[in-house]
Each structure stands twice: as structure tokens, then as C-alpha cells.
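Just so we're aligned: 277 in the working numbering is position 276 of the sequence shown, and the numbers increase by one with no gaps anywhere. Each residue gets a CB set at the ideal place from its N, CA and C atoms; glycine is no exception. One structure is given below, encoded as C-alpha cells.
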Amino acid sequence: MSVSSNGEQANAGSERASVSADGRFAVFTSYATNLVRHDTNGVADVFVRDLRRHDTSRVSVNSHGEQANGGSAIDPQISPDGRDVVFTSDASNLVPGDTNGAVDVFRHDLRTGDTIRVSVGPHGAQGNGPSAKPTVSADGRYVAFTSYATNLVDGDTNGAWDTFVKDLATGKLVRASVGSDGTQANAMSDGPNISADGRYAVFISLASNLVPGDTNNQGDVFAHDLKTGTTTRISVGTAGEQGDDLSVGATLSGDGHLIGFASHATTMTANTPTTHDSHAYVREFGTGRTTLVDLSNGGDVAAGGSFWTAVSGDGRSVAFVSDGANIVPGDTNAARDIFVRDLAAGTTTRISLSSGGAQGDGPSFYPFTNRDAHVVAFQSYATNLVPGDTNGVPDVFVRYR
Numbered sequence: 002m003s004v005s006s007n008g009e010q011a012n013a014g015s016e017r018a019s020v021s022a023d024g025r026f027a028v029f030t031s032y033a034t035n036l037v038r039h040d041t042n043g044v045a046d047v048f049v050r051d052l053r054r055h056d057t058s059r060v061s062v063n064s065h066g067e068q069a070n071g072g073s074a075i076d077p078q079i080s081p082d083g084r085d086v087v088f089t090s091d092a093s094n095l096v097p098g099d100t101n102g103a104v105d106v107f108r109h110d111l112r113t114g115d116t117i118r119v120s121v122g123p124h125g126a127q128g129n130g131p132s133a134k135p136t137v138s139a140d141g142r143y144v145a146f147t148s149y150a151t152n153l154v155d156g157d158t159n160g161a162w163d164t165f166v167k168d169l170a171t172g173k174l175v176r177a178s179v180g181s182d183g184t185q186a187n188a189m190s191d192g193p194n195i196s197a198d199g200r201y202a203v204f205i206s207l208a209s210n211l212v213p214g215d216t217n218n219q220g221d222v223f224a225h226d227l228k229t230g231t232t233t234r235i236s237v238g239t240a241g242e243q244g245d246d247l248s249v250g251a252t253l254s255g256d257g258h259l260i261g262f263a264s265h266a267t268t269m270t271a272n273t274p275t276t277h278d279s280h281a282y283v284r285e286f287g288t289g290r291t292t293l294v295d296l297s298n299g300g301d302v303a304a305g306g307s308f309w310t311a312v313s314g315d316g317r318s319v320a321f322v323s324d325g326a327n328i329v330p331g332d333t334n335a336a337r338d339i340f341v342r343d344l345a346a347g348t349t350t351r352i353s354l355s356s357g358g359a360q361g362d363g364p365s366f367y368p369f370t371n372r373d374a375h376v377v378a379f380q381s382y383a384t385n386l387v388p389g390d391t392n393g394v395p396d397v398f399v400r401y402r
């Protein structure tokens with residue numbers, strides 16, 4: 002899908018796709034200069050692809066449509082309703098008064114064409130440090146992001162990256178990477194995601210003071226309930242066992258009840274291998290059950306690392322990347338592939354294939370699903386997933402299940 006409106010393939014690499022809930026719109030970052038007309042800024046831009054009309058347009062522009070005078074980073078996301086795109090950029094001309102010289106978070110409204118800066122304080126004070134990795138609620142109202150700025154909320158004195166949530170309707174900005182009593186984290190927090198309704202923010206943190214009994218000295222996954230203010234550690238076993246190694250990459254279902262993550266820990270489930278390879282998990286918020294998901298249809302655990310989970314909006318499926326060659330029959334490409342695990346049916350399918358079923362001749366990364374995982378977007382170095390892929394750079398693709 003990293004092609005121009007007339008189908009011309011990108012003349013430089015494309016990365017990190019996400020899709021709307023209905024699967025119609027996909028957003029991605031590209032260094033290409035030939036996806037839209039008049040792309041002369043020489044930096045990475047953010048694009049949206051209408052998969053129904055086969056149109057590609059640039060969204061890392063200001064409200065007048067002028068291109069950014071700085072690069073836009075590799076972490077854009079489209080709102081589930083397909084209206085809003087959030088992204089980071091070090092451009093200074095996307096909004097008036099951008100003089101902080103730092104990477105900021107922006108939101109572009111695809112309907113109105115308006116671009117606003119998200120990473121500002123409640124009274125409009127621009128951040129005194131960089132911000133990154135935005136994620137957006139279903140209606141575009143709430144945006145979670147991480148920031149090194151110390152002036153977005155009062156009392157930010159920890160000198161670390163924190164996770165924030167901005168209400169674009171009211172302008173209210175809160176810090177989510179805090180304990181249930183409001184205590185600020187004593188170490189960095191990163192990798193946020195937000196539920197469709199904007200109630201839950203998940204993130205990873207090296208902090209040891211967000212929940213009681215955090216003594217593992219590892220990065221953990223946490224969820225913060227923005228309604229109640231409660232913070233819960235997610236990367237634990239069903240009986241509450243804390244991980245004995247790093248956990249990363251939190252994603253969640255639309256209602257926040259199911260959270261996916263990857264972990265090197267050996268203590269998550271009874272069938273977790275003891276090798277400290279990374280494996281993919283989901284945890285049910287209500288029941289507290291943690292389940293290993295990088296499995297074959299017969300229940301064999303992936304014989305290799307698994308990473309980058311992406312839980313579908315309906316919570317039925319989870320996509321992940323794996324080096325395991327034993328998850329599906331005929332996996333002989335010796336490359337990382339994209340898989341989807343149907344949690345209800347207990348089945349796993351490989352996604353990073355051509356329409357004719359040929360396995361990719363290069364590695365694939367960063368899956369993202371629509372609401373029911375019927376559409377899966379991903380990045381790949383493979384050259385044989387679609388005909389005519391001769392640009393020799395990573396591209397972004399969508400596969401329909």
C-alpha cells in the first residue's frame with residue numbers, strides 16, 4: 002500500500018502502518034518523494050492511503066496544506082473512526098508559535114485538514130523537551146504519548162520520560178505513568194497505547210514504585226485507569242508472579258479488557274519456556290488470566306523469539322511477529338513473519354504471505370489490525386509479496402483474512 006495514487010511504488014523506504022477500525026484507511030511513514038506531488042522537503046512524511054479508492058495523500062502538513070520543514074517520525078497512528086491521524090515531527094511550521102526546537106506530537110483532522118499540536122500544557126505552554134509515540138482513542142478525542150518535557154503537568158520532577166493523556170475536547174492533560182496514589186514514577190515510562198474509549202492507558206516502565214511489591218528490577222507493562230486513577234501491573238502471571246525478565250510492547254482491545262505484550266520472562270505461564278526468549282502474551286483485565294499466544298494450532302510454543310503484539314479491537318485476535326518456524330506448517334523462509342492468533346478458536350495463521358500463498362523472502366515487522374483483524378497491516382523487506390516490488394526498500398502492506 003506504500004504506493005502513490007497512480008500505483009507507483011515508493012522510491013524510498015516506508016514504515017509503521019496502522020489501519021482504521023473498518024480497514025478502509027491506513028497511515029504510514031515514508032521517506033519516498035514520489036507518493037504525492039510536490040514532496041520536496043527531503044525528509045520522512047506521514048501518509049494516509051484510502052484502500053477503497055486507492056488514493057494516497059500526505060498528512061504531515063499544516064492546516065494550510067504546506068509541507069513540514071522537518072522530519073515526521075516513524076510512529077503515526079490513525080484513529081479507529083478513520084478521521085484523525087496523530088504523529089510526531091520536529092518541524093516548526095506545522096502550527097504557529099512552535100519555537101521549542103523539540104520533537105512534538107500533532108493531530109491532523111482528515112475531514113477538516115486542521116493540524117494542531119497535542120504536546121502542550123493545559124494553558125498552551127509548549128513542551129520543554131521532546132515528545133513521541135502518540136496513540137489515539139476511537140473518536141480522536143484522547144491522545145496518549147510519551148514525553149521528556151517537565152512542564153506539561155505540575156510536579157514533574159523525576160527527570161524521566163513519562164506517559165501523558167491529552168483530552169483534546171477540554172484541553173486537560175494528565176500524567177498516566179503514576180502510582181494509584183499519584184506518586185510519579187522513579188524511572189522512565191514509554192510505549193503508550195490507549196483504549197478506544199480513552200479510559201485505559203497502557204505503557205511500559207522501568208519504575209519500581211508504581212505498584213506495591215515491584216522488586217524484579219525489570220521493565221514491566223502497566224495499565225492506568227483514567228477514570229479511577231488506579232494503576233495495575235499487567236506483565237505478571239495468572240497468580241500474580243512478577244516477571245523475571247523484561248516485558249515490552251503493550252497493546253489493548255477496544256474496551257481495554259484484553260492487553261497484549263511480549264516478555265522475556267520465564268514466569269508468565271506454566272507453558273512458558275525457560276530460555277528467556279521473548280514470547281507473546283495476553284492478559285485479561287477482569288479475570289487476571291495471562292495466556293501465552295505464540296503457539297501452533299497443536300499448542301507448540303514458538304521455537305524462537307516473538308515480539309510486537311497487536312490486539313484486535315474486538316479482543317478476539319492478537320497479531321505478533323515471530324522467528325519461530327514451527328508455528329505453521331511449511332515455514333521455511335528463515336525470516337521473521339507476521340502471525341494472527343484467534344483466541345476463541347485457538348488457531349494461528351501466517352499473514353506475511355503473497356496473495357497466492359508464497360512466503361516472504363525477507364523479514365516482516367510491526368503488525369497492526371483493524372477492529373476484527375480482518376485487515377492486518379505490516380512492514381516488510383520481502384520483495385515477493387506483491388508483483389512488481391522492485392524498489393529494494395522496506396514497504397508497508399495490508400493483508401485481508
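Could you give the distance in angstroms between the alpha-carbon of A22 and the alpha-carbon of N272?
When rounded, the distance between both Cα atoms is 33 Å.
Which residue comes first and which comes last in the beta strand (DSSP E) that contains P261?
It should be pointed out that residue 261 corresponds to Gly in this sequence rather than to Pro. Per DSSP, G261 belongs to the beta strand (DSSP E) from 259 to 264.
Counting only runs of 3+ residues fully inside the stretch 12 to 60, write out the beta strand (DSSP E) ranges in chain order.
For the stretch 12 to 60, the continuous beta strand (DSSP E) assignments of 3+ residues that do not extend past its boundaries occur at 15 to 20, 26 to 31, 46 to 51, 56 to 59, in sequence order.
Relative to the C-alpha of G125, which residue among D51, K173, T158, V20 is closest?
K173
Going by DSSP, which residues form a beta bridge with T252?
The partner list for T252 (beta bridge, DSSP) reads G261.
I'd like to check one pair, A74 with S90: are the Cβ atoms closer than 8 Å?
yes
Under the rule that 16 or more other beta-carbon atoms within 10 Å means buried, what is D182, buried or exposed?
exposed
Once the 5 residues before and after V28 are set aside, which same chain residues still bring their CB inside 6 Å of it?
S19, V49, P77, I79, V86
State the start and end residues of the unbroken beta strand (DSSP E) segment that holds A380.
It is worth fixing the name first, because residue 380 is Gln in this sequence and not Ala. Segment 376 to 381, the beta strand (DSSP E) holding Q380.
Would H452 be called buried (16 or more neighbouring beta carbons within 10 Å of its own) or exposed?
The structure shown does not extend to residue 452, since the chain is modelled only from 2 through 402, so no value can be given for it.
By Cβ distance, which residues of its chain are closer than 7 Å to N392, with the 5 residues on each side in sequence left out?
Q10, A11, N12
Could you check whether the stretch 361 to 368 touches the stretch 378 to 389, counting it as contact only if at least three pairs of C-beta atoms, one from each stretch, sit closer than 8 Å?
yes
According to the Cβ coordinates, are A133 and T151 closer than 8 Å?
With a cutoff of 8 Å on beta-carbon distance, A133 and T151 are scored as not near each other.
Which whole-angstrom value describes the C-beta separation of W450 and D191, a residue pair presumed to lie in contact below a C-beta threshold of 8 Å?
Past the boundaries of the shown model lies residue 450; the chain is included only from 2 to 402, so the question cannot be answered.
Helix, strand or coil, according to DSSP, for V154 in the structure here?
coil
Looking at the strands, I want to know which residues DSSP matches up with V175.
Answer is V166, bridged to V175.
Which runs of the alpha helix (DSSP H) spanning at least 4 residues fall entirely within the stretch 293 to 345, listed in chain order?
none
Determine whether the beta carbon atoms of G72 and V106 lie at a separation below 8 Å.
no
Quickly, what does DSSP pair T233 with across the bridge? List them, please.
A224
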